[in-house]
Amino acid sequence: MSNYKEPTSEAFNIKDFILAALSYKYLYIASFGIFLAVAFIINKVSPTVFEVSSIIGPIEDKRSSLLESNDLFRGLGSFSESKNLQNDISSLNSFSLVSATLSKLNLEIGYFTENKDLFGQKNQIYPAASYTVTIDKSHIQPINARFYIDILDEKSFRLRSSEDKVALYNYVDNMIVSEHNVLKVDTICSFNETIKNKNFKFLVFLNKELFKANSKNKNLRYFEFYHLDYLAQQYLGKLLIQPVNLKSSLIKIYFRGKNLDLTIDFLNSYLKTYLDDNLSKKNKIAESTINFIDSQISEISDSLLKSESKLKDYRSSNQVTNLTYQGQQALEQMTKIQSDRSAFQVQEGYYKYILEYLDKNKDVAGLAPPSSANVNDPLMTSLVTELMSLGQQKASILSNNTGKNLFLGQIENKIKLQKQQIIETVTNNLNTLTLTQNELNYRAEKLSGDISKLPRTELNMVSMQRKFNLSDAIYTFLLQKRSEAAITRASNYPDYEILEPAREVAYAVISPKKVFNWMIAFLLALTIPTTFVILKSFFNEKITRIYDVESLLNRPVLSIIYSNSYKSEAVVPEFPGSSVAESFRNLRSSLFLRFKSAPLKVIMITSSQPQDGKSFISFNLAASIASVGYKTIILDSDLRRPTLHEKFKESNTSGLSTYMVNKSSLEDIIRKTNIKNLSFIPSGPILPNSAELIESGTLDELMDYLKSKYEYIIIDTTPAGLVADAALMMKYANLNLLICRNNHTRKDVFKDVLNVLTTNRIENFDVIFNDLNLKKSRYGRYNGYYKKG
């Protein structure tokens, strides 16, 4: 049985792959040249992007017990404690904070230099350029338009701009007035003088010291105006805010920019703006309380002054200093009633203030707490606290400027319901206060009847003293509450502090990543040609490696024939010192060893398809065997496309075909050649039924005769994959040689021939691998060892 087996998969041979890849060395060289050049250009042209970071952390409450016990904002503790880390991160991602920081740093104007080289790289100048532009914000300005400035001397400069589609922006109204405007400017201007036309209005000042320091810089200078909202959106996208780790309350803020100084200054200024805004929001409650108390004090102070003045005048004019015991008792009782009535009046004023505030204001952040009016109602305090908490959540969402938020509608509904509940509670409390005040009025009227029985002088003094004591008590109470609110405001501090500001020594370069770019270029330069080689090998239907044949045979090929670079096919007789002639000698030696003990030496040579080189091998193998003294004959039994007669330069008018139809005798078809010990039988004219004649045994007598006269018989037959002649001739051969040509023989056709041989149980065959380039073989380094002719 044959050793041929159907392969299940193709194994990967690293050596063969490397040899195949080396055959595309120029493709690899070109690939490396292109990708490394691209990497160089990217590293050269790409602007450097820096990243800086800062860490903020919550501030520990270390205020004194006096402040901690302050009950002015009792009930608001849960409001300050309800903050969580995620809300603070969301608050930091604030469009309004970014916009405020940009305005603080005057970044609505950008100053740049532009290189005059091929790539024209631009670099932003910060913190100070050699000139300063001041915008007249009451006039429209062109945004994102480049104004090139060439400084001629310390007094004048040339201003140039050429833009086809410019948007005109109103800084005061924060809106674009018109778009697609044409801007053409080229004029000589003076420093410190207004430059104006219908599209712009600004002044340019020269910074003489910076100009002198950079006078040798020949790069182009230009500046641009920006839309603050668009600029804020860009800067917001460069911020990255995240917790230091999952269990930490510290927050780390990253910011990226192309100018290191600007990047550091912006991040530090941004965080300072955030902390100032945070403190301002915390102080807003205390400030609202102080404003409310001030409005009450202004009314009470006038009444207090009048009461005090009347009391002094009355005592002086009537020589009365103290009241009698009965008068003193009546005064104390009336004072208590009036004190209670005043307290209720303050509460009533607060409730009316609540109703008026909720009716006129949508923002609940400025609402004064109940304790500011001495309203010690836990339900009311809880309702106001919850309303202020909802208001802060809404403000936090709106400050992020993230457009439509899924939770915004829910919070607005909660605020609406909370307001309604507060209004209902206030209305009920006002009704209760009215009843309580009516009771106090009744008691006051009854007590007034008792007081009226006192002497006239003492009666008047009681009335005046009562009014004075009442005003003085209310005034003292309000002053106390105001002091408490002022202390609370003074003791407030932001929720966070900057633990680690952005520093120049701690920056990181994000782009370009030069080493990474070089690595990617190297990998692409290696991968793309390699992928091409792999795909070409995968989709190549031809046999390109000895390994392809040996994997099908499950054994080595018998011999290898190197490529013929000569014009003549008679390489053995004409170029005996060549590598291809040497390969035929190797084949001859292998055959001699094979037939060392075999009495008959008939060798048939076929192939799986035309142009595999079977006739070339037949001719040179026969010549090689004859050259060592063995009597050899070669038969051209390719009765379909004969070619051997051309190699021997013989006529083909008679031969094997004429013998088969009894038109020629043995002596007529056997011809001598110019190669010693080598005879030749041509195929003769083509027959239409050669397969039938061979199968009928017309060549049996011829083969018997040749076996008796010659030591080696070489049969060159038709391709086994196309016609049946080769299979029929195999019965005469001791050994069948199947020729496989490198980069020509199709894998599927060769596999089909092997299947035919296996099916017909033909085991006496070997494979010759033809047309292997010596330079690409394992012996390529010894190519110079052989003679060239």
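The sequence shown runs 1178 to 1966 under this note's numbering. By construction, the Cβ of each residue, glycine as well, lies at the ideal position given by its N, Cα and C atoms.
Where the beta strand (DSSP E) through residue i begins and ends
i	result
Gly-1234	1226 to 1235
Leu-1282	Run containing Leu-1282: none; DSSP gives neither H nor E here.
Leu-1345	1333 to 1347
Ser-1856	1855 to 1858
Phe-1324	1324 to 1328
Pro-1750	Pro-1750 -> not in any beta strand (DSSP E); alpha helix (DSSP H) instead, spanning 1748 to 1751.
Gln-1318	1318 to 1320
Collapsed DSSP secondary structure at residue i in the structure displayed
i	result
Leu-1914	strand
Ser-1257	Unreliable positioning characterises Ser-1257 in this predicted model, as indicated by a pLDDT of 42, which lies under 50. The coordinate reading is nonetheless provided below. Helix.
Thr-1830	coil
Asp-1313	coil
Lys-1849	strand
Asp-1900	First, the amino acid is wrong: residue 1900 is Val here, not Asp. Residue state, collapsed to three classes: coil.
Ala-1197	helix
Glu-1940	coil
Gly-1586	helix
Lys-1924	helix
His-1357	strand
Asn-1947	strand
Asn-1292	coil
Gly-1568	helix
Lys-1952	helix
Tyr-1887	coil
Glu-1245	Only weak support is given to the placement of Glu-1245: the predicted model assigns it a pLDDT of 44, under 50, and the value that follows is read from those uncertain coordinates. Glu-1245: helix per DSSP, three-state reduction.
Tyr-1308	strand
Gly-1754	coil
Gly-1526	helix
Met-1178	Per-residue confidence for Met-1178 stands at a pLDDT of 41, beneath the threshold of 50, marking its modelled position as unreliable; no derived number is given.
The alpha helix (DSSP H) enclosing residue i, as first and last residue numbers
i	result
Lys-1221	1202 to 1222
Gln-1301	Unbroken run through Gln-1301 is the beta strand (DSSP E), 1299 to 1301; no alpha helix (DSSP H).
Gln-1788	Run containing Gln-1788: none; DSSP gives neither H nor E here.
Ala-1775	No alpha helix (DSSP H) contains Ala-1775, which DSSP labels as neither H nor E.
Ser-1268	1262 to 1269
Lys-1690	Note, Lys-1690: premise wrong, no alpha helix (DSSP H); not H, not E.
Ser-1867	1867 to 1872
Lys-1824	1821 to 1825
For residue i, the residue or residues it bridges with in DSSP
i	result
Ala-1685	Glu-1228
Asp-1893	Ile-1782 and Asp-1813
Gly-1543	Looking at the DSSP assignment, Gly-1543 forms no beta bridge with any residue, so it has no partner.
Lys-1429	Ile-1232 and Gln-1419
Ile-1675	Ile-1233
Met-1352	Asn-1347
Gly-1287	Glu-1401
Gly-1806	DSSP output for Gly-1806 lists no bridge partner at all.
Beta carbon of residue i nearer than 8 Å to that of residue j
i	j	result
Ala-1799	Thr-1809	yes
Met-1906	Ile-1892	yes
Val-1926	Val-1734	no
Asp-1902	Ser-1814	yes
Ser-1231	Leu-1444	yes
Leu-1336	Ile-1286	no
Ile-1233	Glu-1674	yes
Leu-1360	Ile-1353	no
Phe-1227	Thr-1440	yes
Asp-1845	Ser-1856	no
Gln-1595	Glu-1563	yes
Val-1726	Asn-1797	no
Asp-1948	Gly-1754	no
Asp-1313	Lys-1378	yes
Asn-1913	Ala-1775	no
Tyr-1451	Leu-1279	no
Residue i CB to nearest heavy atom of the ligand COA below 7 Å
i	result
Asp-1330	Because no ligand of any kind appears in the structure shown, any question about the ligand COA cannot be addressed here.
Task: Contained beta strand (DSSP E) runs [length at least 3] in the segment 1360 to 1423, N- to C-terminal order - done: Along the length of the segment 1360 to 1423, whole beta strand (DSSP E) runs at least 3 residues long occupy 1371 to 1374, 1377 to 1383, 1397 to 1402 and 1416 to 1420, reported in chain order.
Open item on the list: Quick check for students: name the residue ranges of the alpha helix (DSSP H) that lie wholly in the segment 1696 to 1739, counting only runs of 4 or more.
Closed with: 1723 to 1730
Task: 3-residue-minimum beta strand (DSSP E) runs that sit fully inside the segment 1428 to 1468, ordered along the chain - done: 1428 to 1434
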